[in-house]
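Here is the structure we will look at, set down as structure tokens.
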Amino acid sequence: MLIKNGKVLIFENEDVKVEDLDIRIEDENISEIRNNIKEKENEKVIDAKDCVVMPGLINTHAHIAMSIFRGTFEGCNLYTWLHEKIWPIEAKLTDESVYDATMISILEMISTGTTCVNDHYFFSKQIRKAIEESGIRAVITRVLMDSDSEEESNKRIQEFIDLYETRDKENSLITYTVSPHGLYTCSGKLLEKSRELAVKYNLPIHVHFLESIDEIEDIKQTHGEEAINVLRKYFDGIHTILAHGVKLNDRDIEVLSNMDCGIVHNPISNMRLGCKIADITKYMKKGINVSLGTDGQGSGNNLDMFEAMKIAGLIQGGIHENEEKISAKDVIKMATINGAKIIGMEDKIGSIEEGKKADIIIVDISKNLNNIKMLPNNDIISNLVYNTDGRNVNTTIVNGKILMENRKFKKLEIEKILSKI
Ligand SMILES: [Zn+2]
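Residue numbers (my numbering): 53 to 473.
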């Protein structure tokens, strides 16, 4: 396949640039990037004139079966929402409802430019089934917690082991993490078990970490120690994906900058839940890798990573006055290459480079009414962050396969999925 005439977003050293280039894809991989590639006989050609061709977006923290919780949060805070709405409803979920709910999210992701998602949920075989059928790339898990009972906890551990052991080793599109829910919902014993599993299977840890102010005290109550010490005690030396990291103090930041970890910033969810704003400008200055996530739709409203980029770029100005803060280029990296790093896949995805997997999206920037917010297009990168939304994505390619072309789905039956809502 050949993508011609596009404006291609590339990373060069620390910089982000847009250049007129053609891209050849052979099987799963990007095989050639240069000017004026001649098409071969019978080669599929995508004309990307008046479009930006960029790496697929990587949503590094989501709960993709939670599409059905959209709009359930009004009038709650995080703890009352979890205890009174989410957990009671989750107790009634079925295999079928989780599969359907996941499919709705997959439709949302592919149509808004996400090519890879790092999920954090349960009913994971249903989630895996939906992911396999869709062709999207994903990191999945079976979330662990033991704040209810040891018996339930053991079942969850067994489900995770079963999920991992039954994986399709030929399917490189799906990888795994070990995911304790949070330090406030897991005992030391379970965190130790999580560590053991991560070492045994050589997998990263993916955990909620210091999302809200209440969590600080809860972790002290549960473990008799500060959150950062608990984290270091169980997960030092293991690659750890920390969702949120809103309530970090200077010492926490210092410790984290010396650990093998990264922080997933979920700005919309954090503000919606009244958890305040993570000072990611500071984290990044200290050398911590920060990527971007949407969280589930219950708290994050939707899975549109362009919306998350815009908010992430804007709100640092709400906490940093007259100071240097993250740029549009930083934000683009958070949603792509930083995301690839945090899930340990930066050698395969996250940028458009020869030899990498072809996870690519094509964004329409042509002069039409749909794009009026970005005209005149004086700065493409700024427009991608601040004036684009997922609906501007017209083509989504994962692992060299077109999942959506000119907003038409190739594989999924949209009407069937929509009818399940
Ligand atoms: Zn979450």
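Cβ atoms here follow ideal geometry from the backbone N, Cα and C, with glycine treated the same way.
Treat the numbers as computed from the prediction; the structure is a model and nothing was measured.
How far does the beta strand (DSSP E) with residue i in it reach, from first residue to last?
| i | result |
| --- | --- |
| aspartate 416 | 412-416 |
| glutamate 64 | 54-64 |
| methionine 456 | 453-457 |
| tyrosine 236 | Run containing tyrosine 236: none; DSSP gives neither H nor E here. |
| histidine 275 | Looking at the DSSP string, histidine 275 is not in any beta strand (DSSP E); the run it does join, the alpha helix (DSSP H), is 265-275. |
Spatial neighbours of residue i within its chain, please: C-beta separation below 8 Å, excluding the five flanking residues on both sides.
| i | result |
| --- | --- |
| aspartate 102 | Asp416, Ile417, Ser418, Lys419 |
| arginine 284 | Val307, Met311 |
| tyrosine 228 | Val191, Ile192, Thr193, Leu215, Tyr216, Arg219, Tyr253, Leu255 |
| proline 232 | Val195, Leu196, Met197, Cys238, Leu242, Leu243, Ser246, Ile257, Val259 |
| alanine 330 | His296, Gly297, Val298, Leu300, Ile315, His317, Pro319, Asn322 |
| glutamate 375 | Thr333 |
| serine 186 | Met155, Ile158, Ile162, Leu455, Lys463, Leu464 |
With DSSP as the reference, identify every bridge partner of residue i, one or two as the case may be.
| i | result |
| --- | --- |
| alanine 295 | His260, Val316 |
| serine 343 | Val316 |
| threonine 447 | Ile414 |
| proline 428 | DSSP, once it has assigned bridges, lists no residue as partnering proline 428. |
| aspartate 171 | Ala114 |
| arginine 76 | Leu54, Glu84 |
| alanine 190 | Val169, Ile226 |
| glutamate 71 | Val60 |
| aspartate 99 | Lys56 |
| proline 107 | Ile412 |
| lysine 460 | Glu457 |
| leucine 196 | Pro232 |
If distances are taken between C-alpha atoms only, which option among the options comes closest to residue i?
| i | options | result |
| --- | --- | --- |
| aspartate 147 | Val169, Lys181, Ile290, Ser246 | Lys181 |
| glycine 276 | Gly240, Val259, His291 | Gly240 |
| serine 83 | Arg247, Ile404, Asp399, Glu203 | Ile404 |
| tyrosine 438 | Ile226, Ala364, Thr388, Asn458 | Ala364 |
| isoleucine 473 | Ser119, Leu366, Val169 | Ser119 |
| serine 351 | His260, Ile412, Ser309, Ile320 | Ile320 |
| glutamate 93 | Leu54, Glu64, Lys328, Leu73 | Leu54 |
| aspartate 200 | Glu398, Asn170, Ala143, Asn430 | Ala143 |
| methionine 357 | Ser343, Gln210, Gly326, Ile329 | Ser343 |
| aspartate 382 | Ile414, Lys362, Thr274 | Lys362 |
| lysine 96 | Leu109, Glu78, Thr167 | Glu78 |
| glutamate 66 | Asn390, Tyr335, Phe212, Arg86 | Asn390 |
| alanine 295 | Pro107, Arg76, His115, Ile62 | His115 |
| phenylalanine 121 | Asp74, His113, Ser149, Ala279 | Ser149 |
| isoleucine 378 | Ile332, Glu267, Glu71 | Ile332 |
| threonine 166 | Phe287, Cys128, Gly108 | Gly108 |
| isoleucine 268 | His172, Cys327, Ile158, Lys221 | Cys327 |
| aspartate 171 | Ile213, Gln349, Tyr286 | Gln349 |
| tyrosine 236 | Glu278, Ile209, Asn88, Glu185 | Glu278 |
| asparagine 422 | Glu91, Ile209, Asp441, Ile432 | Asp441 |
| alanine 52 | Lys221, Asn206, Ile110, Val169 | Lying before the first or after the last residue shown, residue 52 is absent from the chain, which here runs from 53 to 473. |
| asparagine 111 | Met386, Glu467, Lys400 | Met386 |
| isoleucine 183 | Asn223, Glu204, Ile209 | Asn223 |
From what residue to what residue does the alpha helix (DSSP H) around residue i run?
| i | result |
| --- | --- |
| threonine 333 | 332-337 |
| methionine 161 | 147-163 |
| asparagine 281 | 279-287 |
| aspartate 302 | 302-309 |
| phenylalanine 358 | 357-371 |
| arginine 208 | 202-217 |
| leucine 255 | Here leucine 255 belongs to no alpha helix (DSSP H), and DSSP marks it neither H nor E. |
| methionine 386 | 380-386 |
| glycine 350 | 349-352 |
| glutamate 467 | 466-471 |
| glycine 391 | 389-394 |
| tryptophan 133 | Tryptophan 133 -> no alpha helix (DSSP H), and no H or E assigned at all. |
| glutamate 142 | 139-142 |
Give me, in chain order, the residues of the same chain whose beta-carbon lies closer than 6 Å to that of residue i; leave out the 5 immediate sequence neighbours on both sides.
| i | result |
| --- | --- |
| isoleucine 384 | Val68 |
| glycine 58 | Ala100, Cys103, Val105 |
| alanine 250 | Val230, Ile257, Ile290 |
| lysine 137 | Thr124 |
| glycine 339 | Ser309 |
| aspartate 304 | Ile280 |
| isoleucine 414 | Ala100, Cys103, Val105, Asn446, Thr447 |
| phenylalanine 175 | Val150 |
| isoleucine 454 | Lys462 |
| leucine 130 | Ser264, Leu325 |
| aspartate 74 | Lys56, Ile89 |
Grab me the residues of residue i's own chain with a C-beta within less than 7 Å of its C-beta, minus the 5 sequence neighbours each way, in chain order.
| i | result |
| --- | --- |
| lysine 177 | Leu215 |
| asparagine 429 | Ile417, Asn435 |
| asparagine 451 | Glu80, Arg189, Leu225, Lys409, Ala410, Asp411 |
| aspartate 152 | Lys472 |
| asparagine 341 | Gly314, Asn390, Lys393, Ile394 |
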